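Trainee: Counting in my numbering, the sequence shown tops out at residue 291, every number present. Each residue gets a CB set at the ideal place from its N, CA and C atoms; glycine is no exception. What you are looking at is a predicted structure, and each value in this text was computed from that prediction instead of being measured.
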Amino acid sequence: MKNLITLLMLFGVVAVQATEPVIRSLEGGKYQLETGPVTMTVDGAMGGRILSFRHGDREVVSQSTFPESFGSTFWTSPQSEWNWPPVPEYDKMPYTVERSDRVLVMTSHLSPKHYYRIRKEFRPEARGIAITYIITNESAETRRVAPWEITRVPNEGLIFFDTPTESISPTDLIAFTAKHDLAWYRTDVRDDNRKVNADGHGWLAYLTAENLLFVKQFPDLNAGQAAPNEAEIQVYVNRGKTFIEIENQGAYTKLAPGESLSYTVIWNLQPAQDDPKQLAATIKNIIN
């Protein structure tokens, strides 16, 4: 009996170690975060961009090789302050990296034009991977800014979130339908680019064609908290069967010189069935 107990204890230790969230260094400035069967790959040399988010060997983010069409990035909002292309210090240039057993921290260079510095903190947890974005105002004046996460996914699957379909604007630009008190969009292919804004309730979900459910949770905004001409939730559909951006923004915040804002998004990934009723029930379990 003593030997049996010893063996069980040993196996118990092994099981705990196997499921313990970990952070690994990869080649070329890349890092991998693991929690159970879920892995995330982040590239410090490419703007701290999330290159991959997988459940086992199944991928959820876009792996396109075209510029501005792959992975997940982070910008400041409103876009009217920088227009296009994205600010290179935030989006493409190398970030400095600090790593411990529990957190991976990446920090951008200061933008010499916009005077913000971006910090990204990645934490693998039992519930998923928590990403905290920090924007610091390093200018000499008080300014207002909002955080903005942009995640590219393949144009094949189902996008849904909690909002009345009639409140999505512009109306009828993307074919959202109402079911189980949520707004649903089954991806389609057209020859034009389309983008809509919506006031959600702190989460945004995407079901892949392989029935992998990706849920992002973030702070829910009240009316009037978004940056001018922006929104808590945005969906951008690129022309053709290329990619879609599922985007979320935080509150438009006043920052004095040296002040920072913090915005945390929880990424969750799990298998699910392509059934709206079941998906609505699964979402309630995830976000509660």
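List the residues that DSSP assigns as beta-bridge partners of Ser75.
Mentor: Partner(s): Ile53 and Thr154.
Trainee: Considering only residues of the segment 210-247, which uninterrupted alpha helix (DSSP H) runs meet the minimum length of 4 residues and lie entirely inside it, listed in chain order?
Mentor: Here no run is fully enclosed.
Trainee: Just to confirm my understanding: we take Val19, look at its own chain, exclude 5 residues before and 5 after, and list those with CB closer than 8 Å. What are they?
Mentor: With a pLDDT of only 38 at Val19, under 50, the local geometry of the prediction cannot be trusted, and no value is derived from it.
Trainee: Indicate whether Thr68 and Leu54 have their beta-carbon atoms separated by less than 9 Å.
Mentor: No; because the gap between Cβ atoms is not below 9 Å, this pair is not in contact.
Trainee: Please classify Gly227 as buried or exposed, where buried requires at least 16 other C-beta atoms within 10 Å of its C-beta.
Mentor: Label assigned to Gly227: exposed.
Trainee: Can you tell me the Cβ-Cβ gap for Tyr255 and Arg120, rounded? I've got them flagged as a contact below 8 Å.
Mentor: That belief does not hold up - the Cβ atoms of Tyr255 and Arg120 are roughly 19 Å apart, past 8 Å.
Trainee: Taking all protein chains shown into account, decide if Trp87 is buried (16 or more other Cβ within 10 angstroms of its Cβ) or exposed.
Mentor: Under this definition Trp87 is an exposed residue.
Trainee: Identify which residue in Gly59, Ala48, Gly32 and Ser28 has its Cα closest to the Cα of Thr38.
Mentor: Nearest option by C-alpha distance: Gly59.
Trainee: Could I get the ranges of all uninterrupted beta strand (DSSP E) runs contained in the segment 136-203, with 3 residues as the minimum, in chain order?
Mentor: Listed in chain order, they are 146-157, 160-164, 180-182, 185-189 and 197-201.
Trainee: Does the distance from the CB of Phe125 to the CB of Leu113 come in under 9 Å?
Mentor: No, these two residues do not count as a Cβ contact at 9 Å.
Trainee: Check the C-beta distance from Lys257 over to Val192 and give it rounded, since I have them as a contact under 8 Å.
Mentor: The Cβ separation is near 42 Å, so there is no contact.
Trainee: Under the assumption that Ala230 contacts Pro81 (Cβ atoms under 8 Å), give the Cβ distance between them as a whole number of angstroms.
Mentor: About 4 Å; that satisfies the 8 Å criterion.
Trainee: How would you label Thr9, buried or exposed, when you count the other beta carbons within 10 angstroms and need 16 or more for buried?
Mentor: A caution first: Thr9 carries a pLDDT of 44, below 50, which makes its placement in the model unreliable, though a value can still be read off. Exposed.
Trainee: I'd like the list of long-range same chain contacts for Thr312, defined as Cβ closer than 6 Å, with 5 residues on each side in sequence excluded.
Mentor: Coverage of the chain is limited to positions 4 through 291, which leaves residue 312 absent and any answer about it impossible.
Trainee: For Ser265 and Leu224, what's the separation of their Cα atoms in angstroms?
Mentor: Answer to the nearest angstrom: the Cα atoms are 14 Å apart.
Trainee: Among Tyr239, Ala143 and Trp270, whose alpha-carbon lies nearest the alpha-carbon of Pro222?
Mentor: When only C-alpha atoms are compared, the closest one is Trp270.
Trainee: May I ask you to report which of helix, strand or coil DSSP gives Tyr93?
Mentor: In this structure, Tyr93 counts as helix in the three-state DSSP scheme.
Trainee: Looking at Val156 and Ile247, is the spacing between their C-beta atoms short of 9 Å?
Mentor: For Ile247 and Val156, yes; Cβs fall inside 9 Å.
Trainee: Among the candidates Asp175, Thr180, Asp46 and Ala133, whose CA atom is the shortest distance from the CA of Pro279?
Mentor: Cα-wise, what sits closest to Pro279 is Thr180.
Trainee: Measure from the alpha carbon of Pro70 to the alpha carbon of each residue in Gly253, Asn241 and Ala275, then state which is nearest.
Mentor: When only C-alpha atoms are compared, the closest one is Asn241.
Trainee: For the segment 165-177 and the segment 193-209, state whether three or more C-beta atom pairs, one from each stretch, are separated by less than 8 Å.
Mentor: Enough Cβ pairs lie closer than 8 Å, so yes.
Trainee: Taking the alpha helix (DSSP H) that Thr68 belongs to, which residues open and close that run?
Mentor: No alpha helix (DSSP H) contains Thr68, which DSSP labels as neither H nor E.
Trainee: Measuring alpha carbon to alpha carbon, tell me which of Gly51, Arg61 and Thr42 ends up nearest Pro274.
Mentor: It is Arg61.
Trainee: Using the rule of at least 16 other Cβ atoms within 10 Å of the residue's Cβ for burial, across every protein chain shown, is Ala186 buried or exposed?
Mentor: The residue in question, Ala186, is buried, as its Cβ has 16 or more Cβ neighbours within 10 Å.
Trainee: Can you tell me whether Ala178 is buried or exposed? The criterion is at least 16 other CB atoms within 10 Å of its CB, across all chains shown.
Mentor: Ala178 comes out exposed.
Trainee: Use the C-beta contact count for Asn140: other C-beta atoms within 10 angstroms, 16 or more gives buried, fewer gives exposed.
Mentor: When all chains shown are included, Asn140 counts as buried.
Trainee: Report buried or exposed for Ala208, applying the criterion of at least 16 other Cβ atoms within 10 angstroms of its Cβ.
Mentor: Label assigned to Ala208: buried.
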